[in-house]
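Q: Protein sequences, first through last, are from chains C and B.
Read in order, the letters of the first sequence are residues 1 to 244 in the UniProt record's numbering.
Read in order, the letters of the second sequence are residues 1 to 244 in the UniProt record's numbering.
Yeah, the Cβ is synthetic: ideal placement off N, Cα and C, and Gly gets one too.
Protein chains: 2
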Amino acid sequence: MQTEGDKTFLAVLGGDPLYMPAMPTGERVELGDGVRLLAPVIPRSKIVAVGKNYAAHAAEMGGEVPASPLLFFKPNTAVIGPDDPIVLPDFSDEISYEAELAVVIGKVCKEVPEEHAASYVLGYTVANDVTARDAQRTDGQWARAKGFDGSCPLGPWIDTDLDPEDVGVMSRLNGETKQDGRTRDLVFDVPFLVSYISQAMTLLPGDVILTGTPAGVGLMDHGDRVECEVEGLGVLANPVLRRN
Amino acid sequence: MQTEGDKTFLAVLGGDPLYMPAMPTGERVELGDGVRLLAPVIPRSKIVAVGKNYAAHAAEMGGEVPASPLLFFKPNTAVIGPDDPIVLPDFSDEISYEAELAVVIGKVCKEVPEEHAASYVLGYTVANDVTARDAQRTDGQWARAKGFDGSCPLGPWIDTDLDPEDVGVMSRLNGETKQDGRTRDLVFDVPFLVSYISQAMTLLPGDVILTGTPAGVGLMDHGDRVECEVEGLGVLANPVLRRN
Numbered sequence: 001m002q003t004e005g006d007k008t009f010l011a012v013l014g015g016d017p018l019y020m021p022a023m024p025t026g027e028r029v030e031l032g033d034g035v036r037l038l039a040p041v042i043p044r045s046k047i048v049a050v051g052k053n054y055a056a057h058a059a060e061m062g063g064e065v066p067a068s069p070l071l072f073f074k075p076n077t078a079v080i081g082p083d084d085p086i087v088l089p090d091f092s093d094e095i096s097y098e099a100e101l102a103v104v105i106g107k108v109c110k111e112v113p114e115e116h117a118a119s120y121v122l123g124y125t126v127a128n129d130v131t132a133r134d135a136q137r138t139d140g141q142w143a144r145a146k147g148f149d150g151s152c153p154l155g156p157w158i159d160t161d162l163d164p165e166d167v168g169v170m171s172r173l174n175g176e177t178k179q180d181g182r183t184r185d186l187v188f189d190v191p192f193l194v195s196y197i198s199q200a201m202t203l204l205p206g207d208v209i210l211t212g213t214p215a216g217v218g219l220m221d222h223g224d225r226v227e228c229e230v231e232g233l234g235v236l237a238n239p240v241l242r243r244n
Numbered sequence: 001m002q003t004e005g006d007k008t009f010l011a012v013l014g015g016d017p018l019y020m021p022a023m024p025t026g027e028r029v030e031l032g033d034g035v036r037l038l039a040p041v042i043p044r045s046k047i048v049a050v051g052k053n054y055a056a057h058a059a060e061m062g063g064e065v066p067a068s069p070l071l072f073f074k075p076n077t078a079v080i081g082p083d084d085p086i087v088l089p090d091f092s093d094e095i096s097y098e099a100e101l102a103v104v105i106g107k108v109c110k111e112v113p114e115e116h117a118a119s120y121v122l123g124y125t126v127a128n129d130v131t132a133r134d135a136q137r138t139d140g141q142w143a144r145a146k147g148f149d150g151s152c153p154l155g156p157w158i159d160t161d162l163d164p165e166d167v168g169v170m171s172r173l174n175g176e177t178k179q180d181g182r183t184r185d186l187v188f189d190v191p192f193l194v195s196y197i198s199q200a201m202t203l204l205p206g207d208v209i210l211t212g213t214p215a216g217v218g219l220m221d222h223g224d225r226v227e228c229e230v231e232g233l234g235v236l237a238n239p240v241l242r243r244n
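#1: Cβ closer than 7 Å: which chain B residues qualify as neighbours of Phe72(C)?
#2: Within 8 Å, do at least three Cβ pairs link the stretch 223-231 of chain B to the stretch 169-178 of chain B?
#3: Would you give the residue range spanned by the beta strand (DSSP E) that Phe73(C) belongs to?
#4: Please report the Cβ distance between Gly155(C) and Thr125(C), rounded to the nearest whole angstrom; I am assuming they are in contact, meaning their Cβ atoms lie under 8 Å.
#5: Can you find a CB in chain C that lies within less than 8 Å of the CB of Asp149(B)?
#6: Which chain C residues sit within Cβ distance under 8 Å of Met201(B)?
#7: Can you name the residues of chain C whose CB is closer than 8 Å to the CB of Leu210(B)?
#8: Whole beta strand (DSSP E) runs in the stretch 86-117 of chain B with 3 or more residues, listed along the chain?
#9: Report back the beta-carbon spacing between Pro40(B) and Ile158(B) to the nearest angstrom; my notes put them in contact at under 8 Å.
#10: Take the Cβ of Leu203(C) as the centre, count every other Cβ of all protein chains shown within 10 Å, and call the residue buried at 16 or more, exposed below.
#11: Is the beta carbon of Val48(C) sitting closer than 8 Å to the one on Leu71(C)?
#12: Measuring only the C-alpha atoms, how far is Thr160(C) from Pro113(B)?
#13: With DSSP run on the structure shown, which of helix, strand or coil describes Pro191(C)?
#14: Against Gly34(C), what residues of chain B qualify as contacts under a CB-to-CB distance less than 7 Å, listed in chain order?
#15: Mind reading off the beta-carbon distance from Gly212(B) to Glu100(B)? Whole number of angstroms is fine, and I expect it under 8 Å.
#16: Going by C-alpha distance, which of Pro214(B), Arg242(B), Glu111(B), Ala237(B) is nearest Pro191(B)?
#17: Report the neighbours of Leu204(C) on chain B: residues whose CB is nearer than 8 Å to its CB, in chain order.
#18: What are the start and end residues of the alpha helix (DSSP H) that includes Glu60(B)?
#19: Let me make sure I understand the geometry here. Which of Ala237(C), Leu210(C), Ser151(C) has the alpha-carbon closest to that of Gly175(C)?
#20: Return the bridge partner residues of residue 246(C) from the DSSP annotation.
#21: Give me the Cα-Cα distance between Val104(C) and Val35(C), rounded to the nearest whole angstrom.
#22: Mind pulling the chain B residues with CB within less than 8 Å of Val240(C)?
#23: Of all Cβ atoms in chain C, is any one closer than 8 Å to the Cβ of Arg107(B)?
#24: Between which two residues does the alpha helix (DSSP H) containing Gly181(B) stretch?
#25: Can you look up Gly168(B) in the DSSP assignment and give me helix, strand or coil?
#26: Residues of chain B with a CB under 8 Å from the CB of Pro113(C): which are they?
#27: Any C-beta of chain B within less than 8 Å: which residues of the stretch 88-100 of chain C qualify?
#28: Per DSSP, which one or two residues make a beta bridge with Tyr124(B)?
#29: Is there contact between the stretch 90-100 of chain B and the stretch 125-140 of chain B, where contact requires at least three CB pairs shorter than 8 Å?
#30: Can we say the stretch 178-189 of chain C touches the stretch 52-65 of chain C, given the rule of at least three CB pairs closer than 8 Å?
#31: Where does the unbroken beta strand (DSSP E) through Gly51(C) begin, and where does it stop?
#32: Indicate, with yes or no, if the ligand SAH has a heavy atom lying under 7 Å from the CB of Thr202(B).
#33: Could you tell me the distance, in whole angstroms, from the CA atom of Asp84(B) to the CA atom of Gly106(C)?
#34: With a threshold of 16 other CB atoms inside 10 Å of the CB of Ser119(C), please say whether the residue is buried or exposed.
#35: Answer with yes or no whether the minimum CB distance from residue 250(B) to chain C is below 8 Å.
#36: So if DSSP puts Ile209(B) in a beta bridge, which residue, or which two residues, is it bridged to?
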């Protein structure tokens, strides 16, 4: 992604940047109405997400910050891309947005010390950890509440240069700001999370870590438009639909 | 798999039986010391597992049977095959075996009614839903406790003819029987689970459902050998190792 004045260009790459160095073809495409972005990655293995990783969000959910990262999985069938509709599932009447910084893993990663974690990261993107609050309360485990089809919008692209230490994480519903946090308030930061998760399980290239959401979550309904943003990274926007 | 007297033969297939009809090449291999079986499937997407799905096991865990299936995920990086070692993770001192009937999905499956569920099943295999009890108690969500590397032995093969309604589900530790249940005691049976899960999320060919474990779970330690068996399906055996 390159900007010139008010225009944004996408640089077209050859090969698979997950498995070889990025190889620009020289071709550039202007980002505009004629260009449709897809989810920048569909994990071959897993999305590992972190709950209650901002103190103010843990408080608004009626809980405290956990002593160690609260990990859960979202399946790759939950991933949708920019502008794809979030289709509200029939089993829930309470679907919430959760804007998050997402980490894309670049190399096979197992038992990595915190100080080397950054070298296993390909880059960053924006995630919406869409959650069915009613099912989350009743189910105990969150597989259905946070794993239904469409519950993991990712995009708009993977930024390989972002410094994740102190960037804004925001969401807007129909243009109104709902969440406005900063990653410096993460209870467990990116290097700690990569290291901690890799102690238990191997992270593969293309696996994604969702780092948790700041305070300000709320419900979405049919006809809404939700935007999640990470400062310097871009905006992930999705319309919200109910079929029935 | 074919038996003649006390010999067992594997029929070699061509192509990918997940995406086309099984195509026997005519070649047969005798199962013996020279043959090493691998995990019969590595899901491209997910393993969906069901907690507390036998009343006697829910009781031994100090809980009741849930009103709806208690779903959680195991990642494909947790899968190992027959005879692969279960390496006990450093973060836990309490690792348990859980023998289970595993369902292998054969077709893309979304919002399938219970009465059509069977046609989406490719076959069945045996699973060990290996669990770190201490992390399960402390973590809240079970991603680490049930998702670490090696926590999902699968095998010895996929049986496409099994009727799952009333078969024995057993485990043995160092030859001693520990679990001895029957699938007729499943709280939520296979057709219900396939239908219920598919209401929330798309199941892909090769996805696996673990149907829950009967009573009798217990801990394993370095040097143990654990065997899980489903009646008529075969034995999934794994040695247990601790590295340090």
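A: The short version:
#1: Gln141, Ala143
#2: yes
#3: 70-74
#4: 6 Å
#5: yes
#6: Pro75, Thr77, Ala78, Arg144, Gly147, Phe148, Asp149
#7: Within chain C, no residue comes near Leu210(B); the closest Cβ sits about 12 Å away, beyond 8 Å.
#8: 99-105
#9: 5 Å
#10: buried
#11: yes
#12: 44 Å
#13: helix
#14: Going along chain B, no residue has its Cβ under 7 Å from Gly34(C), so there is no contact; the nearest lies around 29 Å.
#15: 6 Å
#16: Glu111(B)
#17: Thr77
#18: 55-60
#19: Ala237(C)
#20: In this structure chain C extends from 1 to 244, so residue 246(C) is not present and cannot be described.
#21: 23 Å
#22: Chain B residues near Val240(C): none, gap ~17 Å exceeds 8 Å.
#23: According to the sequence shown, residue 107(B) is Lys rather than Arg. Chain C contact via Cβ: absent.
#24: Per DSSP, Gly181(B) belongs to no alpha helix (DSSP H); it is in the beta strand (DSSP E), 176-182.
#25: strand
#26: Those within 8 Å of Pro113(C) in chain B number zero; the least Cβ separation is about 14 Å.
#27: Pro89, Asp90, Phe91
#28: Val103(B), Asp159(B)
#29: yes
#30: yes
#31: 47-51
#32: Among the ligands in the structure shown, none appear at all, so the ligand SAH cannot be discussed.
#33: 27 Å
#34: exposed
#35: Since the displayed chain B opens at 1 and closes at 244, residue 250(B) lies outside it and no answer follows.
#36: Val48(B), Val103(B)
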